[in-house]
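In this note's numbering, the protein residues as written are 1040 to 1244.
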(Lines of atoms letter the chains of each structure in order from A and count residues from 1; the text may use other names and numbers.)
(Lines give C-alpha, C1' and ligand atoms only; values in the text may rest on other atoms or scores of the structure.)
Protein backbone atom coordinates (compact mmCIF):
# COMPACT_ATOMS: atom_id res chain seq x y z
CA UNK A 1 0.00 0.00 0.00
CA UNK A 2 1.25 3.44 -0.92
CA UNK A 3 0.32 6.44 1.21
CA UNK A 4 1.25 9.78 -0.29
CA UNK A 5 0.29 12.05 2.60
CA UNK A 6 -0.56 11.69 6.23
CA UNK A 7 -2.45 14.78 7.25
CA UNK A 8 -6.09 15.40 7.89
CA UNK A 9 -8.00 18.34 9.23
CA UNK A 10 -9.42 18.93 12.67
CA UNK A 11 -11.09 22.17 13.66
CA UNK A 12 -10.25 22.95 17.25
CA UNK A 13 -12.14 20.69 19.61
CA UNK A 14 -15.08 20.20 17.27
CA UNK A 15 -15.24 16.75 15.74
CA UNK A 16 -15.89 17.03 12.06
CA UNK A 17 -17.42 14.26 10.00
CA UNK A 18 -14.53 12.78 8.05
CA UNK A 19 -15.26 11.29 4.65
CA UNK A 20 -13.12 9.12 2.41
CA UNK A 21 -13.57 9.13 -1.35
CA UNK A 22 -12.75 5.94 -3.25
CA UNK A 23 -11.95 6.54 -6.92
CA UNK A 24 -10.34 4.75 -9.86
CA UNK A 25 -10.16 7.35 -12.61
CA UNK A 26 -9.90 11.00 -13.50
CA UNK A 27 -11.51 12.24 -10.31
CA UNK A 28 -13.86 14.93 -11.57
CA UNK A 29 -16.45 13.97 -8.95
CA UNK A 30 -13.73 13.57 -6.36
CA UNK A 31 -12.38 17.06 -6.96
CA UNK A 32 -15.89 18.50 -7.02
CA UNK A 33 -16.67 16.95 -3.63
CA UNK A 34 -13.40 18.09 -2.09
CA UNK A 35 -13.98 21.67 -3.24
CA UNK A 36 -17.60 21.58 -2.09
CA UNK A 37 -16.63 20.74 1.49
CA UNK A 38 -13.38 22.73 1.59
CA UNK A 39 -14.90 25.54 3.64
CA UNK A 40 -17.33 23.40 5.64
CA UNK A 41 -17.28 23.68 9.42
CA UNK A 42 -18.74 20.21 9.74
CA UNK A 43 -17.30 17.96 7.02
CA UNK A 44 -13.73 17.20 5.98
CA UNK A 45 -12.59 15.17 3.01
CA UNK A 46 -9.91 13.38 4.99
CA UNK A 47 -8.70 10.74 2.54
CA UNK A 48 -8.83 9.74 -1.12
CA UNK A 49 -8.26 6.05 -1.85
CA UNK A 50 -7.57 4.60 -5.29
CA UNK A 51 -6.83 1.14 -6.64
CA UNK A 52 -4.69 2.69 -9.38
CA UNK A 53 -1.42 4.45 -8.64
CA UNK A 54 -1.68 6.48 -11.87
CA UNK A 55 -5.25 7.69 -11.31
CA UNK A 56 -5.40 11.44 -12.06
CA UNK A 57 -7.70 11.77 -9.06
CA UNK A 58 -4.72 11.30 -6.76
CA UNK A 59 -2.91 14.32 -8.17
CA UNK A 60 -6.06 16.41 -7.93
CA UNK A 61 -6.54 15.43 -4.29
CA UNK A 62 -2.91 16.10 -3.43
CA UNK A 63 -3.08 19.58 -4.98
CA UNK A 64 -6.05 20.25 -2.72
CA UNK A 65 -4.09 19.04 0.34
CA UNK A 66 -6.09 15.87 0.86
CA UNK A 67 -4.28 12.72 1.95
CA UNK A 68 -4.18 9.93 -0.62
CA UNK A 69 -3.56 6.19 -0.52
CA UNK A 70 -3.24 3.47 -3.15
CA UNK A 71 -4.44 -0.04 -2.37
CA UNK A 72 -4.19 -3.01 -4.71
CA UNK A 73 -6.81 -5.75 -4.85
CA UNK A 74 -5.34 -7.87 -2.10
CA UNK A 75 -4.87 -4.85 0.16
CA UNK A 76 -8.44 -3.71 -0.43
CA UNK A 77 -9.62 -7.11 0.73
CA UNK A 78 -7.31 -7.16 3.76
CA UNK A 79 -9.57 -6.34 6.70
CA UNK A 80 -6.74 -5.52 9.09
CA UNK A 81 -4.98 -3.19 6.67
CA UNK A 82 -8.09 -1.34 5.49
CA UNK A 83 -9.50 -1.00 8.99
CA UNK A 84 -6.20 0.49 10.17
CA UNK A 85 -6.06 2.90 7.22
CA UNK A 86 -9.57 4.20 7.75
CA UNK A 87 -9.03 4.41 11.51
CA UNK A 88 -5.84 6.43 10.93
CA UNK A 89 -7.93 9.11 9.25
CA UNK A 90 -10.90 8.68 11.58
CA UNK A 91 -13.22 7.99 8.64
CA UNK A 92 -16.96 8.19 9.37
CA UNK A 93 -18.40 7.86 5.86
CA UNK A 94 -17.23 6.51 2.49
CA UNK A 95 -18.14 7.89 -0.94
CA UNK A 96 -17.53 5.81 -4.06
CA UNK A 97 -16.97 8.17 -6.99
CA UNK A 98 -16.06 6.03 -9.97
CA UNK A 99 -14.45 3.25 -7.94
CA UNK A 100 -14.46 0.04 -9.97
CA UNK A 101 -13.58 -2.80 -7.55
CA UNK A 102 -16.29 -4.34 -5.43
CA UNK A 103 -16.24 -3.21 -1.81
CA UNK A 104 -15.44 -6.14 0.49
CA UNK A 105 -18.11 -7.35 2.88
CA UNK A 106 -16.12 -6.44 5.98
CA UNK A 107 -16.15 -2.75 5.01
CA UNK A 108 -19.88 -2.81 4.33
CA UNK A 109 -20.43 -4.40 7.73
CA UNK A 110 -18.14 -1.84 9.40
CA UNK A 111 -19.91 1.07 7.72
CA UNK A 112 -23.60 0.11 7.62
CA UNK A 113 -25.51 2.75 5.65
CA UNK A 114 -22.28 4.75 5.62
CA UNK A 115 -21.09 3.91 2.08
CA UNK A 116 -22.71 5.44 -1.00
CA UNK A 117 -22.05 5.01 -4.69
CA UNK A 118 -22.92 7.07 -7.75
CA UNK A 119 -23.95 5.25 -10.92
CA UNK A 120 -24.33 6.91 -14.35
CA UNK A 121 -27.76 5.51 -15.22
CA UNK A 122 -31.23 5.26 -13.79
CA UNK A 123 -30.87 2.03 -11.86
CA UNK A 124 -31.96 -0.71 -12.00
CA UNK A 125 -31.41 -0.12 -15.72
CA UNK A 126 -27.85 -0.57 -16.98
CA UNK A 127 -26.30 -1.61 -13.70
CA UNK A 128 -24.26 -4.59 -12.55
CA UNK A 129 -20.98 -6.15 -13.54
CA UNK A 130 -19.24 -4.46 -16.46
CA UNK A 131 -21.59 -1.49 -16.45
CA UNK A 132 -19.40 1.52 -15.82
CA UNK A 133 -18.38 4.65 -17.71
CA UNK A 134 -18.97 4.61 -21.45
CA UNK A 135 -20.27 1.04 -21.31
CA UNK A 136 -23.37 2.43 -19.60
CA UNK A 137 -23.87 5.30 -22.03
CA UNK A 138 -23.35 3.01 -25.02
CA UNK A 139 -26.08 0.73 -23.69
CA UNK A 140 -28.41 3.67 -23.15
CA UNK A 141 -27.82 4.83 -26.73
CA UNK A 142 -28.28 1.35 -28.17
CA UNK A 143 -31.60 0.96 -26.37
CA UNK A 144 -32.94 4.25 -27.76
CA UNK A 145 -33.73 5.61 -24.31
CA UNK A 146 -35.46 8.98 -24.18
CA UNK A 147 -33.92 9.85 -20.83
CA UNK A 148 -30.98 8.94 -18.64
CA UNK A 149 -29.66 10.13 -15.34
CA UNK A 150 -27.61 9.50 -12.23
CA UNK A 151 -28.38 7.31 -9.27
CA UNK A 152 -27.00 7.57 -5.75
CA UNK A 153 -27.47 4.36 -3.79
CA UNK A 154 -26.31 2.58 -0.68
CA UNK A 155 -23.55 0.05 -1.19
CA UNK A 156 -24.31 -3.61 -0.49
CA UNK A 157 -22.52 -6.84 -1.45
CA UNK A 158 -24.65 -6.89 -4.63
CA UNK A 159 -23.10 -4.78 -7.40
CA UNK A 160 -25.34 -1.72 -7.93
CA UNK A 161 -28.00 -3.50 -5.89
CA UNK A 162 -28.30 -1.27 -2.84
CA UNK A 163 -31.37 0.80 -2.03
CA UNK A 164 -31.71 3.89 -4.20
CA UNK A 165 -31.31 7.15 -2.30
CA UNK A 166 -32.03 9.61 -5.10
CA UNK A 167 -32.08 9.86 -8.88
CA UNK A 168 -31.84 12.83 -11.22
CA UNK A 169 -32.96 12.62 -14.85
CA UNK A 170 -32.19 14.36 -18.11
CA UNK A 171 -33.98 14.10 -21.47
CA UNK A 172 -32.19 12.60 -24.46
CA UNK A 173 -32.56 13.32 -28.17
CA UNK A 174 -32.31 10.64 -30.88
CA UNK A 175 -29.49 12.74 -32.28
CA UNK A 176 -27.43 12.54 -29.10
CA UNK A 177 -24.17 10.64 -29.50
CA UNK A 178 -22.72 8.46 -26.76
CA UNK A 179 -20.46 11.36 -25.82
CA UNK A 180 -23.48 13.69 -25.69
CA UNK A 181 -25.26 11.28 -23.36
CA UNK A 182 -22.17 11.03 -21.17
CA UNK A 183 -21.87 14.82 -20.96
CA UNK A 184 -25.53 15.32 -20.07
CA UNK A 185 -25.35 12.72 -17.32
CA UNK A 186 -22.05 14.05 -16.02
CA UNK A 187 -23.49 17.54 -15.64
CA UNK A 188 -26.06 16.05 -13.26
CA UNK A 189 -23.30 14.49 -11.18
CA UNK A 190 -21.44 17.79 -10.93
CA UNK A 191 -24.57 19.68 -9.95
CA UNK A 192 -26.14 17.30 -7.47
CA UNK A 193 -23.78 14.71 -5.99
CA UNK A 194 -22.02 16.87 -3.36
CA UNK A 195 -25.34 18.22 -2.09
CA UNK A 196 -26.75 14.71 -1.79
CA UNK A 197 -23.75 13.71 0.30
CA UNK A 198 -24.18 16.76 2.51
CA UNK A 199 -27.85 15.98 3.11
CA UNK A 200 -27.04 12.38 4.01
CA UNK A 201 -24.39 13.50 6.47
CA UNK A 202 -26.80 15.99 8.01
CA UNK A 203 -29.36 13.24 8.43
CA UNK A 204 -26.91 10.72 9.94
CA UNK A 205 -24.50 12.73 12.09
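For each residue, glycine too, the CB sits at the ideal point set by N, CA and C.
#1: I think residue 1063 touches residue 1089, with their Cβ atoms under 8 Å apart; what is that distance to the nearest whole Å?
#2: Which residue wins for smallest C-alpha separation from residue 1070, given the options 1056, 1057 and 1136?
#3: Can you tell which of 1201, 1190 and 1103 has the C-alpha that lies nearest to the C-alpha of residue 1209?
#4: Would you give the residue range spanned by the beta strand (DSSP E) that residue 1245 belongs to?
#5: Report yes if the C-beta distance between residue 1185 and residue 1211 is below 8 Å; otherwise report no.
#6: Would you give the residue range spanned by the alpha helix (DSSP H) that residue 1115 belongs to?
#7: Out of curiosity, what's the CA-to-CA distance linking residue 1112 and residue 1142?
#8: Compute the distance between the beta-carbons of residue 1138 and residue 1056, then report whether it is under 8 Å.
#9: Use the C-beta contact count for residue 1199: other C-beta atoms within 10 angstroms, 16 or more gives buried, fewer gives exposed.
Let me lay it out:
#1: By one-based count along the chain shown, residue 1063 stands at place 24. By one-based count along the chain shown, residue 1089 stands at place 50. Taking the Cβ atoms as the reference, residue 1063 lies roughly 6 Å from residue 1089, within the contact range of under 8 Å.
#2: Taking the first residue of the chain shown as position 1, residue 1070 is located at position 31. Nearest of 1056, 1057 and 1136 to residue 1070, Cα basis: 1136.
#3: Mapped onto the chain shown, residue 1209 falls at position 170. Closest option to residue 1209, Cα to Cα, is 1190.
#4: This structure gives no information on residue 1245, because the portion of the chain shown stretches from 1040 to 1244.
#5: The count along the chain shown starts at 1 and reaches residue 1185 at position 146. The count along the chain shown starts at 1 and reaches residue 1211 at position 172. Their beta carbons are under 8 Å apart, which means residue 1185 touches residue 1211 by this criterion.
#6: Sequence index remark: in the chain shown, residue 1115 carries index 76 (1-based). It spans 1112-1115 - the alpha helix (DSSP H) in which residue 1115 sits, taken as one unbroken run.
#7: Position 73 of the chain shown holds residue 1112. Position 103 of the chain shown holds residue 1142. Using only the alpha carbons, I get a separation of about 10 Å.
#8: Sequence index remark: in the chain shown, residue 1138 carries index 99 (1-based). Sequence index remark: in the chain shown, residue 1056 carries index 17 (1-based). Residue 1056 sits away from residue 1138, with the two beta carbons spaced by 8 Å or more.
#9: Translated into the one-based positions of the chain shown, residue 1199 becomes position 160. Classification for residue 1199: buried.
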